[in-house]
Structure formats: C-alpha cells, structure tokens
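Just so you know, we're using my numbering here: the sequence shown kicks off at 1022 and counts up by one. Using N, Cα and C, we set each Cβ at its ideal position, and we do this for glycine too. Source: prediction; values computed, not measured.
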Amino acid sequence: MRRFALTWGVLTLLGWLIAGTSAVADERILTIGNPGHPASLDPHRITGVWENRIVGDMLMGLTTEAADGSTVAGAAKSWEVSADGLTYTFTIREHSWSDGVPVTAEDFVYSFRRMLSGETTSPYAQFFWVIENARDLTRGDAEPEALGVSALDASTLQIRLSQPTAYFLGLLTHFAAFPVPRHAIEAHGGDWTAAGNMPANGAFMLAERVANDHVRLLRNPRFFDADAVALDGVIHVGQEDLDAQLSRFRAGELDILRDFPGGRTQWLRERLPEAVRTAPYLGLAFFAINHAREPLRDARVRRALSMALQREIIAERLLGSGEQPAWSLVPEGTANYTTPAMAQWRSLAPDERTAQARALMRVAGYGPDRRLSLQLRYHTSENDRRVAVAAQSMWREIFVDVELERAETAVHYASLQQGNFDLGLASWLAVYDDPQTFTLLLETASGPNNLGDYSNESYDALTAQAAASVDLAERARLLREAEAHAVREQALIPIYHHAARNLVAEHVTGWQDNLLDVHRSRFLGLRSDTGH
C-alpha cells in the first residue's frame, strides 16, 4: 500500500511538472498567493501564518478550524472534560498518515513532548504551559515522562492541565499542537519534511517544495474525510512583493491572494468588486520597543513616540481596508473580555497629541539641538513600507530621526527576536479568540514572542493571577488591569487592529470570512466551468 501511494503521488507530480504552472486539464488545482516563503514545514519550528496556511493543509491537530473559523473536532472525534476543568480525555478518530501508518494517541504524546522540549522546542511552547509540568519540561527541570499528556490506549489520549483554561480547545488548533509522524522523523531525521518523506494526516500531502518559489500539495486519499475534499491539489506560491502577486491574480495565475497593498483597496473595489474580501480580523500591528536600548528605557520617550503617531491617518488613509486605529493591545470584540484598556490621550486632537509629545521629548532632554536617532526595522511588504515611512515623518516633528531598515520576513523577525533593533514593525495575529493571546506579548516568560524583552513584575503578577482564575469575569478584570499597566508604560506601541485582506476569484467556492482569517483548503473548491 505504501508503494502504491508513493507511485500515485509521483505520477501526479510528473503530470503537473509537464504542464508547467498550470494543472492537468482534468485536475482541480487551487493556486494561492502567499505573501511569504516557509522557513520550514515542521510545525514545531514554524513561526508565522504564511507557514501555517501550508502546514495546516497537511497536518491536523486534536481540534481544527471549520470553514467559518470555529473550533471543531479534528484528529480527535470527541472529548470529555472533568468537572474541575483540569482533565481532557480525547478519543482519537480512526485514521492514518498518508503512508498508511495508523495515527494513534502515542503520536500526540510524542509530539507534545517534542514541541515542549529539546532542540525542537517551539517558539510557542509557552502557550502550552497550562499543561501539567509543561513549564518545567521546557526549562529542563522535568523529564518528558512527567508531562501531563498520556496515552491510555491506542485511541485514547488524556491531557492534564495545571489550571482551568477556558480557551484550551481553541488553543489546540494552533500549529504547535499539530501531530508529527515519529516513524518518519526517526527514518529521515532533519529531512523528514522533504517531499516523499513527509506523511500527512490532513487533507493534503507534500508533493514538491521549491525554495523561495512554491509548495505543491496533493489531495491525501487517506484523509478521514477525503470524499468531502473537492480539490485534487493546492499550489502555495510564496512572494513578498504584493504588487507582483496582485498582477498575477489579475492575470488569472492565482485563484486567491492572501493579502494585497492596503492603499489599493478602493482601486480594487472599483475594478474587481466581486474578488475583494475585507473583514474584521483579530490581529494587532505594533512597534516593538527594544527595552535594552537606553533612550527607549525612558517611558517619556516611549509615550511621546506613541502620542505623535497619527493612527487615524495610517489606518484609514494609508491602508483603508477596514483597519482600526489601535489604542490597546486587545482588539474590541475579543471573546471572554470586557472593553480593552486604552490610552487616555486618544481623545485629544492630533495636533494636541503632537504638541504634548514634543513637550515630553523636551523634558526627556531632546529638542531641535539634540535630536534622538533611532533605527526602525520592517519587512518587505508594501503595506509595512507605507506605515514605516509615515511613522518616520510623524516622529520627525518631535525631534526624532529614524533610519529605516528593510528585510525579508524571516530575516526581519529573526532580528527582532535576537534584539537587533531599536524599533520593529510587527504584527501579532490571533490563532484563538481570547485576550490572553495578546497580553502574553509582554510577559517576561514569553521569551522570543516578547520582542522587546519587556519585563515588569506587576504585569507578570496580574497575568499569572488571571491564568489561575476559574472565574471568567475576574480573569477578564485582571487581564484588563495588566493591559492598562502596559498602555500607561507604552511597553509596545499599538498602531492598528487588522482587517483581513484577501482577493478571491469568483470561481472559488466555499470561502467564508471569519475573525481568525483561517481558510483551510479542504473546504474550498473550484467551479467546473473555470478551466482550472
């Protein structure tokens, strides 16, 4: 059976290659423009949504996302939760990896241990410290066997938490919780994610990966719900130049484009009204602040930088796709929360905010004769370039000269995580609907996800108390108090809350806008009269 599956995949791949970038006539291939190249296909090593879009087509966690973004059963067909909210018992559905090897509860035990410890510790391991002994395992203070994840039998997995976690089922949709095939890793080592080596338990499997170009996926005939998958394959085309991607979409080379230049929104609505899909999105664009840099340790400087930033212009004029000016970490409407804590000076007129920012800079020792020089890093996206240039101009008015440094996405975020920056333009996109996914950005324990290395005992104490609370109202109050502390200090500078920007061709079926902007290819299709 394994040889048959491999032969089928190779023959299909050869057909694609002979046809060039077009699909064989009788195959239904979806082509997606993805604004970024995957640094890895290992779910325990990837860091961004552009990678999750690909890996999430191939691997499926205990829970997964429905077409509308809601959390539904995935590799687990059902579960029970103990009365105290601490023990989750999952029944693994009967299904196999694409090479025919059964998926069992032991696969998840292995995967959680791998994700939380050793060389493969995920950058998002901290998300899962709610699991019993997970924190100690990551820190090297416990053995893998101590982790609160165990297989009761081949089809029954038990996860024990250290504290009740209201969003745990949603958290399990995160790519760090995807299972990985132990048998393939042991057979191929670091090459297990190469085409021909990487088994999948999701709707598609890897056929080809061309660095800095594209990833081709084939329909997985062993997927548990394969009969409901309308596509024969998916091509994820990676390119950070959104204008070039837009040209390819308009030429019919792409069926979906997963972002477009915000400044072109109205232009696109006039020319491609049926294709433009903009919708609210749980995400935050912000300037990370390197708290190790002396000038930026001064809260007056941080507040001045934030006050001088004219968010309304950035969100409504430069981008204009439904983005909202951000005065808080947590977007309004986030589940399990109250009204976010916002900067008190947001109600001032822009000119008044700039005047107060200028006064703060003078008190901090800066002025026309002693200007502050900073570096601002951003990644190679036209939207981010526009934001960076605008901020550079706005800050010039408060005696701050900013040098702009541009890099590809992976290089950019690596520089931020390594502390090689003054200010860094970044985005944080929620993968589960809960305020904690935003407040964790400033927790000392967040490690590489705390881009500016901010550390404050009061903030950490509040978020820790919230994590331990079983009362959702009390938890929300504590998180809001922590957020208010961060806003007062401007520990990071919020810019805008995201809106999802997508172009979806009329012949694509099954697309549903949702707050997490997740659209798994298993739910999409192509109309039969398109020639795709």
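Run of the beta strand (DSSP E) containing residue i, from where it starts to where it stops
i, result
"S1132", "Segment A1126 to L1137 is the alpha helix (DSSP H) holding S1132; no beta strand (DSSP E) there."
"G1386", "Element bounds for G1386: n/a, residue is neither H nor E."
"V1231", "F1225 to V1231"
"V1236", "H1235 to R1240"
"A1447", "L1444 to L1450"
Nearest to residue i (by Cα), restricted to the options the options
i, options, result
"S1394", "V1539, T1177 and W1416", "W1416"
"A1364", "E1502, N1055, G1223 and E1527", "E1502"
"A1018", "A1232, V1124, E1418 and L1536", "Absent from the model: residue 1018. The displayed extent of the chain is 1022 to 1553, so no value can be given."
"L1545", "A1088, R1498 and G1304", "A1088"
"A1435", "R1049, R1066 and T1052", "R1066"
"H1518", "S1349, N1441 and D1454", "S1349"
"Y1453", "E1153, M1136, N1535 and A1313", "N1535"
"L1437", "G1468, V1421, E1424 and P1456", "G1468"
"V1351", "P1144, W1366 and L1462", "L1462"
"D1105", "Q1345, D1162, R1392 and S1183", "S1183"
"L1500", "F1459, H1528 and A1526", "F1459"
"P1282", "N1404, T1360 and F1111", "N1404"
"A1512", "V1408, R1374, S1327 and Q1413", "S1327"
"D1276", "R1541, R1543, H1528 and D1372", "H1528"
"A999", "H1312, R1406 and R1498", "Residue coverage of the chain in this structure runs from 1022 to 1553, which leaves residue 999 outside it and unanswerable."
"E1333", "R1324, R1323, T1360 and R1374", "R1374"
"I1152", "Q1533, I1113, Y1188 and T1401", "Y1188"
"D1280", "E1261, P1456 and H1506", "E1261"
"G1343", "R1290, V1384 and Y1358", "R1290"
"F1111", "Q1457, T1159 and L1190", "L1190"
"R1324", "F1308, E1337 and I1335", "F1308"
Under the three-state DSSP convention, the category residue i falls into
i, result
"L1536", "coil"
"L1182", "strand"
"E1504", "helix"
"V1045", "Its pLDDT being 45, under 50, V1045 is placed unreliably by the model, and nothing is read from it."
"F1196", "helix"
"D1089", "coil"
"E1295", "coil"
"H1116", "coil"
"R1324", "helix"
"P1123", "strand"
"E1464", "coil"
"Q1260", "coil"
"L1305", "strand"
"P1346", "strand"
Range of the contiguous alpha helix (DSSP H) that encloses residue i
i, result
"D1481", "E1478 to A1489"
"S1598", "Outside the displayed span of the chain (1022 to 1553) sits residue 1598, for which this structure offers no information."
"E1101", "Where E1101 is concerned, there is no enclosing alpha helix (DSSP H), although the beta strand (DSSP E) it sits in stretches over A1097 to V1102."
"E1072", "V1070 to M1079"
"N1404", "E1403 to R1417"
Inter-residue spacing [alpha-carbon to alpha-carbon] between residue i and residue j
i, j, result
"F1258", "L1524", "Reading off the sequence shown, one finds Val at residue 1258, where the question assumed Phe. Going by the C-alpha atoms only, they are around 14 Å apart."
"V1045", "D1253", "The predicted model places V1045 with a pLDDT of 45, which falls under 50 and marks its position as unreliable, so this point remains unresolved."
"N1055", "M1079", "16 Å"
"E1166", "D1157", "12 Å"
"E1101", "H1235", "40 Å"
"V1124", "A1431", "32 Å"
"P1220", "V1421", "52 Å"
"S1171", "R1181", "9 Å"
"A1521", "A1320", "32 Å"
"N1441", "E1315", "14 Å"
"L1425", "F1149", "36 Å"
"R1271", "I1256", "17 Å"
"I1514", "S1448", "11 Å"
"E1072", "Q1266", "17 Å"
"H1204", "A1228", "19 Å"
"E1115", "G1121", "12 Å"
"A1370", "R1379", "14 Å"
"R1049", "N1477", "53 Å"
"S1402", "T1299", "18 Å"
"L1192", "S1549", "36 Å"
"L984", "R1134", "Nothing about residue 984 can be reported from this structure: the residues present for the chain run from 1022 to 1553 only."
"G1041", "R1269", "For G1041, the predicted model reports a pLDDT of 39, less than 50, meaning its position is unreliable and no value from the coordinates is stated."
Residue i, buried or exposed, once every other Cβ within 10 Å from all chains shown has been counted against 16
i, result
"V1093", "exposed"
"Q1287", "exposed"
"S1479", "exposed"
"P1185", "buried"
"E1504", "buried"
"A1249", "exposed"
"R1509", "exposed"
"S1368", "exposed"
"D1162", "exposed"
"P1200", "buried"
"A1215", "exposed"
Proximity test, Cβ basis, 8 Å: residue i and chain D
i, result
"L1239", "Included in the structure is just one protein chain, with no chain D present."
Proximity test, residue i beta-carbon vs the ligand NAP heavy atom, cut-off 7 Å
i, result
"H1518", "The ligand NAP is not part of this structure, which contains no ligands at all."
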